[in-house]
Amino acid sequence: MSKRPFLIRITFLIVLILFITGCGPRMITKSEKFPLMYEETPASILILPPMNESTAADAKDYYATTIQEPLSFRGYYVFPYEVTTEILKMEGLYDAELLKDVPLTKFREFFGAEAVLFSTIKKWNLSYVILASTLTVSIDCELKSTKSDQILWRYNGTVVVDLSGGSSGGGIAGLIVKAIATAVASAMADYVPHARVANYRALSSMPYGKYHGEYMKDRELKIIDQGATTSAK
Amino acid sequence: MRRKLGFFLLVFPLSFMAFGCAAPKMYYWGEYSNSLYSCRKQATEANLIKHKQILENIIEESNKRDLRVPPGVYAELGYIYFRQNKNDEALKYFQLEERTYPESKVFIQRLSQAAKAKGDIPKSDEKLPQKE
Numbered sequence: 038m039s040k041r042p043f044l045i046r047i048t049f050l051i052v053l054i055l056f057i058t059g060c061g062p063r064m065i066t067k068s069e070k071f072p073l074m075y076e077e078t079p080a081s082i083l084i085l086p087p088m089n090e091s092t093a094a095d096a097k098d099y100y101a102t103t104i105q106e107p108l109s110f111r112g113y114y115v116f117p118y119e120v121t122t123e124i125l126k127m128e129g130l131y132d133a134e135l136l137k138d139v140p141l142t143k144f145r146e147f148f149g150a151e152a153v154l155f156s157t158i159k160k161w162n163l164s165y166v167i168l169a170s171t172l173t174v175s176i177d178c179e180l181k182s183t184k185s186d187q188i189l190w191r192y193n194g195t196v197v198v199d200l201s202g203g204s205s206g207g208g209i210a211g212l213i214v215k216a217i218a219t220a221v222a223s224a225m226a227d228y229v230p231h232a233r234v235a236n237y238r239a240l241s242s243m244p245y246g247k248y249h250g251e252y253m254k255d256r257e258l259k260i261i262d263q264g265a266t267t268s269a270k
Numbered sequence: 524m525r526r527k528l529g530f531f532l533l534v535f536p537l538s539f540m541a542f543g544c545a546a547p548k549m550y551y552w553g554e555y556s557n558s559l560y561s562c563r564k565q566a567t568e569a570n571l572i573k574h575k576q577i578l579e580n581i582i583e584e585s586n587k588r589d590l591r592v593p594p595g596v597y598a599e600l601g602y603i604y605f606r607q608n609k610n611d612e613a614l615k616y617f618q619l620e621e622r623t624y625p626e627s628k629v630f631i632q633r634l635s636q637a638a639k640a641k642g643d644i645p646k647s648d649e650k651l652p653q654k655e
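This is the structure in structure tokens:
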């Protein structure tokens with residue numbers, strides 16, 4: 038009779054220890070990870086055309102349509118991408134590869150932007166493994182200060198979607214149905230909704246800006262520590 | 524009895540997460556992102572007209588819901604008028620952007636100057652330099 042509570046207690050303890058010692062991802066508070074965001078408190082962000090390291094040529098144009106809206110919800114003044122890219126184009130600057138060499142103070146003088154957002158499309162592809170296919174969208178984001186040139190915030194958002202559809206019963210017939218379903222799903226694969234999710238994942242770690250009710254109140258909020266993510270440069 | 528307690532312990536925080544965090548929405552963006560995506564896929568006249576209507580709809584709905592118009596929307600609409608040479612309309616929206624978001628001042632002044640001059644966007648004094 039007295040053994041049972043003991044067992045329960047032990048199990049509980051083990052679970053607790055596992056929890057604390059962190060088999061899961063390492064967590065860190067926002068202010069520990071991105072102290073400069075709280076020091077500089079940039080109010081406005083200019084989104085630069087994304088750099089594309091994926092194999093899909095059209096990823097850049099499509100991805101660019103997904104970032105302005107979620108970024109505004111973080112509480113920053115976000116310059117209208119459609120307008121600012123056109124102006125940059127007139128200046129001969131459409132290629133992200135050229136843009137990254139422009140001194141950041143120029144964006145401050147030209148637009149009044151306190152920070153600029155560099156994004157790099159790392160992955161935007163389908164991969165096939167026998168009868169399954171997965172879609173991957175992976176985005177590195179980096180916010181840089183136009184005042185101090187420092188990296189204020191940096192995070193990655195990745196989405197992996199299994200497109201094979203649910204199991205469709207056993208046997209050869211089932212496999213064939215599954216293969217057809219995969220082919221159809223891949224042909225119609227639409228990256229943009231997944232890119233939006235990737236953005237939300239990346240941006241969720243960004244400290245809130247002045248137009249958000251939680252501005253300066255999210256210092257202790259814990260996020261997953263991604264370590265030193267690869268630079269967007 | 525234990526089970527019930529466990530159930531409640533699980534459900535309570537969950538319900539808080541589900542309802543408690545439902546702060547009033549900051550912005551109404553409507554179909555903005557989808558419309559822009561359509562324009563990218565096919566830059567047809569019809570899609571561009573629709574995009575302008577989407578912008579107007581965002582302003583209308585935001586006012587109706589007593590929300591701040593999302594950043595950049597006034598400016599983007601103003602820029603469409605600017606390109607159509609409707610400079611008075613353009614200036615009106617540029618000013619609305621600046622009044623809503625003082626952070627846009629430098630940018631808006633540049634656009635307004637161009638609309639007043641009815642010319643191209645004035646270039647910066649020097650070209651944005653590019654490293655070799």
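Line by line, the protein sequences are chains A and B. So the first sequence is numbered by the working numbering: it starts at 38 and just counts up by one. So the second sequence is numbered by the working numbering: it starts at 524 and just counts up by one. Even glycine gets a Cβ: it sits at the ideal position worked out from N, Cα and C. Quantities reported herein were computed from a predicted structural model and do not represent experimental measurements.
Item to check | Local Cβ density within 10 Å of N236(A), reported as buried at 16 or more and exposed below that | outcome: Numbered from 1 along the first sequence, position 199 holds the residue referred to as residue 236(A). It is buried - the Cβ of N236(A) has at least 16 other Cβ atoms within 10 Å.
Checklist entry - Are at least three pairs of beta-carbons, each pair with one atom in the region 242-260 of chain A and one in the region 41-51 of chain A, less than 8 angstroms apart? => result no
Next on the checklist: Less than 7 angstroms between the C-beta atoms of R563(B) and Y131(A), yes or no?
Outcome noted: For the purposes of this step, residue 563(B) is identified with residue 40 of the second sequence, where counting begins at 1. For the purposes of this step, residue 131(A) is identified with residue 94 of the first sequence, where counting begins at 1. For R563(B) and Y131(A), no; Cβs fall outside 7 angstroms.
Next on the checklist: Check whether chain B comes within 7 angstroms of P230(A), counting only Cβ atoms and requiring the distance to be less than that.
Outcome noted: In the first sequence, residue 230(A) corresponds to position 193, counting from 1. For P230(A), the answer is no, since every Cβ of chain B falls outside 7 angstroms of its Cβ.
Checklist entry - Between the region 114-126 of chain A and chain B, which residues of the former have CB atoms less than 7 angstroms from a CB of the latter, in chain order? => result If the cut-off is 7 angstroms between Cβ atoms, the region 114-126 of chain A has Y114, V115, F116, P117, E119, V120, I124 near chain B.
Checklist entry - Are the beta-carbon atoms belonging to Y118(A) and I82(A) less than 7 angstroms from one another? => result Looking up residue 118(A) in the first sequence gives position 81. Looking up residue 82(A) in the first sequence gives position 45. No, these two residues do not count as a Cβ contact at 7 angstroms.
Checklist entry - Mind pulling the chain B residues with CB within less than 7 angstroms of A80(A)? => result The residue given as residue 80(A) occupies position 43 in the first sequence. Result: E626.
Checklist entry - the region 139-159 of chain A: which residues have C-beta closer than 9 angstroms to a C-beta of chain B, in chain order? => result Residues V139, P140, K143, F144, R145, E146, F147, F148, G149, A150, E151.
Next on the checklist: Less than 7 angstroms between the C-beta atoms of V153(A) and K184(A), yes or no?
Outcome noted: Sequence index remark: in the first sequence, residue 153(A) carries index 116 (1-based). Sequence index remark: in the first sequence, residue 184(A) carries index 147 (1-based). No, they are not a contact pair.
Item to check | beta strand (DSSP E) segment containing I158(A), residue limits | outcome: Indexing the first sequence from 1 puts residue 158(A) at position 121. Start and end: 152-166.
Checklist entry - Leaving out the 5 sequence neighbours to the left and right, which residues in its chain are closer than 6 angstroms to K259(A) when beta-carbon positions are compared? => result Your numbering for residue 259(A) matches position 222 in the first sequence. The residues are M64, T66.
Item to check | D199(A), DSSP secondary structure in three states | outcome: Within the first sequence, numbered from 1, the residue matching residue 199(A) stands at position 162. Strand.
Next on the checklist: Below 8 angstroms on the Cβ atoms is my contact criterion, and I expect Y616(B) with L600(B) to pass it. Report the Cβ-Cβ distance as a whole number of Å.
Outcome noted: Here residue 616(B) refers to the residue found at position 93 when the second sequence is read from its first residue. Here residue 600(B) refers to the residue found at position 77 when the second sequence is read from its first residue. Between L600(B) and Y616(B) the Cβ distance is about 5 angstroms, and since that is below 8 angstroms, they are a contact.
Item to check | Outcome for V196(A) when other beta-carbon atoms lying within 10 angstroms are tallied against a minimum of 16 | outcome: Counting from one through the first sequence, the residue named residue 196(A) turns up at place 159. Flag for V196(A) reads buried.
Checklist entry - At a CB-CB cut-off below 8 angstroms, which residues of chain B make contact with F110(A)? => result The residue you call residue 110(A) lines up with position 73 of the first sequence. Chain B residues near F110(A): M549, Y550.
Checklist entry - What residues of chain B sit near D98(A), judged by a beta carbon separation below 7 angstroms? => result In the first sequence, residue 98(A) corresponds to position 61, counting from 1. Per Cβ cutoff of 7 angstroms: R563.
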